[in-house]
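**Student:** Residue numbers (the working numbering), protein chains in the order written: chain A, 1 to 543; chain B, 1001 to 1430. From the three backbone atoms N, C-alpha and C, an ideal C-beta is built for every residue, glycine too.
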């Protein structure tokens, strides 16, 4: 059996886990991250990708609001290529309580969030698709953030500095010596192999799945999972984040992101045993579309591309099973103190926006326990791809002759790392995903550098298959490239192609009408009618 | 403008119907709004391929006669076995007149090889497609080389070879993969939108490159007797090019259907359109039918996007506008409708019943079986429930069959198109 020794072991490859891996590596602490699926495949990648200014929390939750604005400023510096500084609006509709507008302005001022009142005319000039009947508008420094890119850049920075990551690996059990946790027993689902990691400290950063990990350690931590659903609108119908200026409720935000816009979000309490089989309900879709349309009337005329949902990892810190004392804030538990279980820390709660702060708090505790003096530097050192201000597109185009549309998209996704991708090589001229302008060269880069194990992972790194056609042509091509670039054998490539289309199907099913149904018929015609992919014998059940 | 027969939809069904009508001297027009399903088809005509349990059907006509026709609702039930046989023969003869000879294995299905290396039962294929002549290779342990054109992103020989090797039919073969390259075409790759099957087919169409290509094929195939290439061996001049390439290489060359655009399908599309025009049919491309007026169970006229207020009149009309992808059917949040005449459809009103839980579910998806309800002579019902006597529905717009699960899309399109033509000819003569 394979055996790895390290100082810190992090369970969970969401933004918090990835951020912790980076923070610890930067402090010179030997660290290994283990993730049961892929980087950013859980809650991290299942939200609307809003770079909060904190305004959304300003009225009710001052602590969250101040955390948000501080992190907002940091991320705009260290994660330039993951962030779009779109700005945000809070608009009041005729049916909304007009007094919330004043409350929001005052609370933002108190929290230190720059919020400015705009005339409705100014707001409409900024965002022409906005409902023209709005009564008032406030401008805030909201933006958008790509959670996949963010988590991946954190991992990349760490691995380039010696950190290690194992994706698609299950934690089977925790190794305990006496009352202390000393490591983890793992199973690699890709290789079909058991292995063991031993270390001084195990960090449970598994988000909502952290309840299970705590169980493995023999301690109790109760999660109150809350489902949030969103729909993706094909085309970017707004360029500024549009919030509804009212007490937070379902369907009160539209966030532009890459080539699409996302309407968020619902909130439904669910049981812990439901978190693995979440589905978006019809009533959620109806609410999101109806309320989205009130903010931007275009919504009803635009194709709906997908619906998806995530689980908020709300923690019950008191252990009260009725869940009265649920925190939305950050929860850092030193189990040595709370449960007399040494070498075990849980970081939970919080939000994507505060992932870096959560990582910093966790790393501080780990460093203290390991008696490492080095302080946090993640707020200063830019992520890979965000090192310098981005070079103008024209320069790259002049050098390679690659069309601006391709250069622009690659630059947008990988920042400065574009220079490692768009070299003067014929691979870079072959377009694999036409919707998102992904070249064979970008795929090769991702396969070789970004911990990609299958086409679903590849989608998170490159946006392949995320556009209007939802992987119709590019998924077959991607499977072929896995073989061509020796990232998988032909047999596994066949299986991952099927798995990828099944994964896309999950988000299409709930919105299967209109053009989505047309597209589905076409995709089904190709992959079942033409290719007979469904008739290929199943794999040996490894994955 | 007055027609005997005006057809809405220029796919395989509408064209078969139109060609039959004009060949009997009718004045016939076809209105087409764009590319038809032939452009993303395999280019083979499936008659009936699979039992409900996905087991393969070997004798499709026999199976249809014994098990499908008695069932009653299937479009084949309405045609009857004689009409199906007649329609398929008519279709074959039509293409042959245009120089496109189709292979068939008497009353049996043969098997063609797909891009993924799966083997699919089908009834009619172009002679360049994998068929039972591969059996010659069974006698001795032969080699098959699956080759790609370097830089072509829509075909990966390794994926096909993997599945083909697992297939018991090919267990006696040694399957290798390789690439052919023509440096002359390197620069084509620079434009990321080019280098699809169509671009390569054009290269093949020009005979001057053939000797070079043939040389490459021989060199890349390591002494194999059989060569599998993505289907791009010429489009305008296919029969001649294929013949020449076989001679130059001395090998048996098979074409494998690719991702769209389907060159194999486009050859059929070209041949059908050419035949229709040669017989005096009027093909009106790029126009969309907006609606029509049905008075007392008779469709009086239709109007279109391009013809504005002009009413197009005809004794008979055919609606062969396809299913959802071709917009013959339209789906909304919780409703499925036929957009031109609002004809009665067979479909569930609950969206959650339209699809199956997994994409590759063995039972396939119910929405593929939705369509316009007709009587036994393919006449639909209008909004008031009255039968429209001079309107026939054919092809993929019809309900109660699943072209993909059953493997019968081409057969239904041809049979129903032909059946409608016979009824229309009968009607015009009486």
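So, is the C-beta of residue 512 of chain A closer than 8 Å to a C-beta in chain B?
**Tutor:** Closer than 8 Å to some Cβ of chain B, the Cβ of residue 512 of chain A qualifies, so yes.
**Student:** If you measure from the beta carbon of residue 88 of chain A to each beta carbon in chain B, is any gap under 8 Å?
**Tutor:** Taking Cβ atoms only, chain B never reaches closer than 8 Å to residue 88 of chain A, which makes this a no.
**Student:** Return helix, strand or coil for residue 1343 of chain B, following the three-state DSSP convention.
**Tutor:** In the structure shown, residue 1343 of chain B sits in coil (DSSP, three-state: anything other than H, G, I, E or B).
**Student:** Alpha carbon to alpha carbon, how far is residue 144 of chain A from residue 84 of chain A?
**Tutor:** Spanning the two alpha carbons is a distance of roughly 5 Å.
**Student:** Rounded to whole angstroms, what's the CA-CA distance from residue 1098 of chain B to residue 1271 of chain B? Just pull it up for me.
**Tutor:** So the two alpha carbons sit approximately 6 Å from each other.
**Student:** If we count the other Cβ atoms within 10 Å of its Cβ and call it buried at 16 or more, is residue 125 of chain A buried or exposed?
**Tutor:** Flag for residue 125 of chain A reads exposed.
**Student:** What residue range is occupied by the uninterrupted alpha helix (DSSP H) comprising residue 406 of chain A?
**Tutor:** Residues 404–414.
**Student:** Taking all protein chains shown into account, decide if residue 211 of chain A is buried (16 or more other Cβ within 10 angstroms of its Cβ) or exposed.
**Tutor:** Residue 211 of chain A is buried by the Cβ-count criterion.
**Student:** Are residue 147 of chain A and residue 40 of chain A touching if we call contact CB-CB under 8 Å?
**Tutor:** Yes, the pair counts as a contact, with Cβ atoms nearer than the cut-off.
**Student:** Between which two residues does the alpha helix (DSSP H) carrying residue 1245 of chain B extend?
**Tutor:** It spans 1238–1249 - the alpha helix (DSSP H) in which residue 1245 of chain B sits, taken as one unbroken run.
**Student:** Go through the stretch 82–158 of chain A residue by residue and report every complete run of the beta strand (DSSP E) that reaches 3 residues or more, in order.
**Tutor:** Those beta strand (DSSP E) runs which fall completely within the stretch 82–158 of chain A and span 3+ residues are 88–92, 116–118, 136–140, 143–145.
**Student:** Alpha carbon to alpha carbon, what distance is there between residue 513 of chain A and residue 1263 of chain B?
**Tutor:** Approximately 30 Å between the Cα atoms of the pair.
**Student:** For residue 330 of chain A, tell me which candidate among A:336, A:347, A:49, A:478 has the shortest Cα-Cα distance.
**Tutor:** Here the closest residue by C-alpha is A:347.
**Student:** May I ask which residues mark the beginning and end of the beta strand (DSSP E) holding residue 1408 of chain B?
**Tutor:** That residue, residue 1408 of chain B, is in no beta strand (DSSP E); it is neither H nor E in DSSP.
**Student:** Can you tell me whether residue 51 of chain A is helix, strand or coil according to DSSP?
**Tutor:** Residue 51 of chain A falls in the strand class under three-state DSSP.
**Student:** Chain B beta carbons: is any one of them nearer than 8 Å to that of residue 470 of chain A?
**Tutor:** It does not: the Cβ of residue 470 of chain A has no partner Cβ on chain B nearer than 8 Å.
**Student:** Using a Cβ-Cβ cutoff of less than 6 Å, which residues in the same chain neighbour residue 1302 of chain B once the five nearest sequence positions on both sides are dropped?
**Tutor:** Contacts found: 1289, 1292, 1312.
**Student:** Do you know offhand how far residue 1355 of chain B's Cα is from residue 1040 of chain B's?
**Tutor:** For residue 1355 of chain B and residue 1040 of chain B, the distance between alpha carbons rounds to 22 Å.
**Student:** Using the beta-carbon of each residue, which ones in chain B are nearer than 8 Å to residue 479 of chain A?
**Tutor:** Within 8 Å Cβ-Cβ: 1156, 1159.
**Student:** Residues bridged to residue 1105 of chain B by DSSP?
**Tutor:** Per DSSP, B:1108.
**Student:** Near residue 468 of chain A, which residues of its chain fall below 6 Å by C-beta distance, leaving aside the five closest residues on each side in sequence?
**Tutor:** For residue 468 of chain A, where only same-chain residues beyond five positions count, the Cβ hits under 6 Å are 234, 435.
**Student:** Are the C-beta atoms of residue 1114 of chain B and some chain A residue less than 8 Å apart?
**Tutor:** Output row for residue 1114 of chain B: interface = yes.
**Student:** With which residues is residue 1145 of chain B paired in a DSSP beta bridge?
**Tutor:** Paired residues: B:1176, B:1227.
**Student:** So with Cβ pairs under 8 Å, would you call residue 535 of chain A a contact of chain B?
**Tutor:** Chain B contact via Cβ: present.
**Student:** For residue 1268 of chain B, which option in B:1425, B:1402, B:1126 has the closest C-alpha, if you only look at C-alpha atoms?
**Tutor:** Among B:1425, B:1402, B:1126, the Cα nearest to that of residue 1268 of chain B is on B:1126.
**Student:** Roughly how many angstroms separate the alpha carbons of residue 166 of chain A and residue 494 of chain A, rounded to a whole number?
**Tutor:** One C-alpha to the other measures close to 23 Å.
**Student:** Starting from the C-beta of residue 459 of chain A, find all residues in its chain whose C-beta is less than 7 Å away, skip the five residues before and the five after it, and write them out in chain order.
**Tutor:** Within the same chain, residue 459 of chain A has close Cβ partners 465, 466.
**Student:** Consider the Cβ of residue 7 of chain A: report whether some Cβ of chain B lies at a distance smaller than 8 Å.
**Tutor:** Closer than 8 Å: no.
**Student:** Using a Cβ-Cβ distance under 8 Å, would residue 501 of chain A count as near chain B?
**Tutor:** True, the Cβ-Cβ gap to chain B drops below 8 Å.
**Student:** Scan the stretch 1349–1426 of chain B and note each continuous alpha helix (DSSP H) run of 4 residues or more that stays entirely inside, going in chain order.
**Tutor:** Those alpha helix (DSSP H) runs which fall completely within the stretch 1349–1426 of chain B and span 4+ residues are 1403–1406.
**Student:** Using a Cβ-Cβ distance under 8 Å, would residue 524 of chain A count as near chain B?
**Tutor:** Residue 524 of chain A counts as touching chain B.
**Student:** Quick one, which residues of the stretch 1391–1409 of chain B are near chain A if we go by CB-CB under 8 Å, in chain order?
**Tutor:** Under the 8 Å Cβ criterion, the stretch 1391–1409 of chain B contributes 1403, 1404, 1409.
**Student:** Is the distance from the Cβ of residue 13 of chain A to the Cβ of residue 207 of chain A below 8 Å?
**Tutor:** Their beta carbons are not under 8 Å apart, which means residue 13 of chain A does not touch residue 207 of chain A by this criterion.
**Student:** Can you name, in chain order, every residue of its own chain whose Cβ lies under 6 Å from the Cβ of residue 288 of chain A, other than the five neighbours on each side?
**Tutor:** So the list reads 231, 251, 263, once near-sequence residues are dropped.
**Student:** List, in chain order, every chain A residue whose beta-carbon is nearer than 7 Å to that of residue 1120 of chain B.
**Tutor:** The answer, in chain order, is 532.
**Student:** Measuring straight from C-alpha to C-alpha, what distance separates residue 322 of chain A and residue 73 of chain A?
**Tutor:** Per-residue confidence for residue 322 of chain A stands at a pLDDT of 39, beneath the threshold of 50, marking its modelled position as unreliable; the derived number appears in the next sentence. Their backbone Cα atoms lie some 37 Å apart in a straight line.
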